[in-house]
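Presented below is the structure to which this report refers.
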Amino acid sequence: MILTTTPTIEGRTILEYKGVVFGEVVSGVNFIRDFKASIRNIVGGRSGSYEDELVKSRTQAMDEMASRAARLGADAVVGIDIDYEVLGENNGMLMVTASGTAVKLA
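Going by this note's numbering, the letters in the sequence shown line up with residues 1 to 106, in that order.
Here it is, written out as structure tokens:
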């Protein structure tokens, strides 16, 4: 499965558009991670625990999107966009959405 943010794939021809596909992940951020991040906010520096959660959630959303594209018979997903939102009480949940167009290639 080829995954790309570009609308085309160099050297390949899109034969068929299978439709828009999505992958969504909503994950909670726990108390310890929040506490560590609040300390980082005071003293400065990067929050490795939040960064790790972002990477994990983004990877899961992309995997889910690719799986849905494969079920449609697609070879690739083009025009991928990834969005991040915070949800819930005190913004305690992270939602990552990956979307793109599933296509069949020549």
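From the three backbone atoms N, C-alpha and C, an ideal C-beta is built for every residue, glycine too.
Note that the coordinates shown come from a computational prediction; the quantities given were computed from them, not determined experimentally.
I'd like the list of long-range same chain contacts for LEU72, defined as Cβ closer than 6 angstroms, with 5 residues on each side in sequence excluded.
Excluding positions up to five away in sequence, the list reads LYS18, ALA102.
My understanding is that VAL25 touches ALA61, with C-beta atoms under 8 angstroms, so please give their C-beta distance in whole angstroms.
The beta-carbon distance between VAL25 and ALA61, rounded to whole angstroms, is 5 angstroms. This is short enough to meet the 8 angstroms contact definition.
Tell me LYS56's beta-bridge partners as DSSP assigns them.
According to DSSP, which records beta bridges pairwise, LYS56 is partnered with nothing at all.
Terminal residues of the continuous beta strand (DSSP E) containing ASP75?
Neither: ASP75 is in no beta strand (DSSP E) and is coded neither H nor E.
Between VAL55 and chain C, is any beta-carbon pair separated by less than 9 angstroms?
Annotation note: the requested chain C is absent from the structure, which comprises a single protein chain.
So GLU16 is in the beta strand (DSSP E); what residue range does that whole segment cover?
Annotation for GLU16: the continuous beta strand (DSSP E) segment containing it runs 14 to 28.
The beta strand (DSSP E) enclosing ALA106, as first and last residue numbers
Per DSSP, ALA106 lies in no beta strand (DSSP E) and is assigned neither H nor E.
Which of helix, strand or coil does DSSP assign to GLU10?
Residue state, collapsed to three classes: coil.
Between GLU89, MET93, ILE2, which lies nearest to GLU53 when the distance is taken from Cα to Cα?
Closest option to GLU53, judged by alpha-carbon separation, among GLU89, MET93, ILE2: MET93.
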